[in-house]
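For reference, the structure discussed in these notes is given below.
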Amino acid sequence: SDFDDDDHKQNPIEPEDLPSHTNVEEGDIASDYYYRLTDSYSGGKLALDVINDGQNYGLNMAPVADYTGQYWRFVHVRDNVYSLRTRFLGDAYSLDIINHGINNNKPHM
Numbered sequence: 001s002d003f004d005d006d007d008h009k010q011n012p013i014e015p016e017d018l019p020s021h022t023n024v025e026e027g028d029i030a031s032d033y034y035y036r037l038t039d040s041y042s043g044g045k046l047a048l049d050v051i052n053d054g055q056n057y058g059l060n061m062a063p064v065a066d067y068t069g070q071y072w073r074f075v076h077v078r079d080n081v082y083s084l085r086t087r088f089l090g091d092a093y094s095l096d097i098i099n100h101g102i103n104n105n106k107p108h109m
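Its first residue numbered 1, the sequence shown is counted upward by one per residue in UniProt numbering.
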């Protein structure tokens, strides 16, 4: 299996569906793994996904599927600060928040 012994981290080489919902504890984030980010409201059936529109790469909650836009890596920046990047977009893009205009506080890549 490509999963570590905690069953919540995934080997970045060959993404597979996560077997179950598992919370990640503080200090237990590995920058060399990809994670699927799901919400408890949907019972883990929806994941944070990048919209592949070829331009803006918006975000949405989409049904869990084996798409590279649903695999997120936490890149350590400094103590308790991480940049979130997807397997789909690589290191060229990271999760950010718009801080102006009508889209203020809107997440984007």
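Each residue gets a CB set at the ideal place from its N, CA and C atoms; glycine is no exception.
This one's a predicted model, so the numbers in the text were calculated from it and none came from an experiment.
Taking a C-beta distance under 8 Å as the contact criterion, THR86 and GLY69 qualify as a contact pair. For ILE102, the three-state secondary structure derived from DSSP is helix. Within the DSSP secondary-structure output, THR86 pairs in a beta bridge with TRP72.
Secondary structure note for VAL50: its beta strand (DSSP E) is the uninterrupted segment 46-50. ASP96 sits in a strand when the DSSP states are folded into three classes.
Within 10 angstroms of the beta-carbon of TYR41 lie fewer than 16 other beta-carbons, which makes it exposed.
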